[in-house]
Amino acid sequence: MSIRPQKPAPATPAPGKLPLTELAEMKQRGQRIVMVTAYDAPGGRLADQAGVDLVLVGDSAAMTVLGHDSTVPATMDEMVMLTRAVTRGARRPLVVADMPFGSFQVSDEEALRNAIRFVKEAGADAVKLEGGGPMLSRVRAIVGAGIPVMGHLGLTPQSATMLGGYKAQGRSAEKALALLADARALEAAGCFSLVLEAVPAPVAKRVTDRLEIPTIGIGAGADCDGQVLVWHDLLGLYDGRAARFVKRYADVGDTIRSALESFATDVRERRFPEEQHTYSMPNEELAVFDEAAALQRRE
Ligand code: KIV
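Going letter by letter, the sequence shown gives residues -6 to 292 in the working numbering.
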């Protein structure tokens, strides 16, 4: 009798999943890696159908779907819930859960406990965390437990206040050198990939050239090994001012707004629902119902 688990065990790739090791091979081959954020099951499914390689359940969810002004308020419970939805939709892409502010800063133990939650409760394939320096031991602890970690350097929105706002990082030789040192340290600590956000293109190129692991850029030029955009920015669903590095590929917000206006007009002008949207019942049943209801009214 063969004993086969019905479902893949945590940290075991599901059938059809892009192997994590493929990402480094893509870098070697010069094949670009595509990552997009998603926050629900339809998003995960559409990203999968579009053939993207990585789906990031970003803590940008705090702004894009939860309506906050920054990523900081996102909680573990919220991120676990969103990640669980995305993993139900995305089969082939690796799903990376973003560790929210406060979930990994306190200690290695707490970081590991929260990373395990993403894998066990939400089916994430990997986690992402922001920063270098003190975060290196977090990376080592999580990778040591068998959970792949993606790093994130440059503009790290969770510490935007410390960085002087949402602005490009690594624009002086000294800052660029510090960025390169952090990137190399994150690679040595075991990260499988590294997001570079809002970094001058020549700096991102040099960091990319010095690393064996792939870099995924957002506002970091064309020489990163892959690119990521936020779902709402890419699709035109976000109302705020878009960053310089955003390219809008659709105006889904306009499409949704105009569909809602048409619905509202149809309802108000009694054009919806039509015959085809309603259910009928046999005439004889309706006659019995009317008779019984009329009797009830007289009682
Ligand atoms: O939270 C997020 O969406 C991100 C991307 C911008 C990389 O971290």
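Don't be surprised by glycine CBs; every beta carbon is placed ideally from N, CA and C.
Which listed residue (the options) has its alpha carbon closest to that of residue i
| i | options | result |
| --- | --- | --- |
| Gln42 | Val29, Asp52 and Ser53 | Val29 |
| Arg110 | Val196, Arg77 and Leu179 | Arg77 |
| Val89 | Leu187, Pro127, Glu284 and Gln162 | Leu187 |
| Gly44 | Ala17, Met56, Ser53 and Arg25 | Arg25 |
| Met69 | Gly60, Ala55 and Gly157 | Ala55 |
| Asp247 | Glu123, Ala257, Asp232 and Lys240 | Asp232 |
| Val293 | Gly158, Ala213 and Val221 | The chain is shown from -6 up to 292; residue 293 falls before or after that span and cannot be answered. |
| Ser63 | Gln151, Pro193 and Leu11 | Gln151 |
Assigned secondary structure, residue i (DSSP; H/G/I helix, E/B strand, else coil)
| i | result |
| --- | --- |
| Leu253 | helix |
| Lys121 | strand |
| Ala236 | coil |
| Thr201 | helix |
| Gly82 | helix |
| Val29 | strand |
| Asp52 | coil |
Buried versus exposed, by CB contacts within 10 Å (16 or more), residue i
| i | result |
| --- | --- |
| Asp259 | exposed |
| Leu170 | exposed |
| Ser273 | exposed |
| Arg131 | buried |
| Leu288 | exposed |
| Asp175 | buried |
| Arg22 | exposed |
Endpoints, the alpha helix (DSSP H) within which residue i is located
| i | result |
| --- | --- |
| Ala104 | Asp101 to Ala115 |
| Ile135 | Met128 to Gly137 |
| Asp216 | Looking at the DSSP string, Asp216 is not in any alpha helix (DSSP H), and its letter there is neither H nor E. |
| Leu39 | Ala34 to Gln42 |
| Val281 | Asn276 to Arg291 |
First through last residue of the beta strand (DSSP E) which encompasses residue i
| i | result |
| --- | --- |
| Glu190 | Ser186 to Glu190 |
| Gly219 | Gly219 to Leu222 |
Distance CB(residue i)-CB(residue j) smaller than 8 Å
| i | j | result |
| --- | --- | --- |
| Ala67 | Pro35 | no |
| Ala213 | Ala194 | yes |
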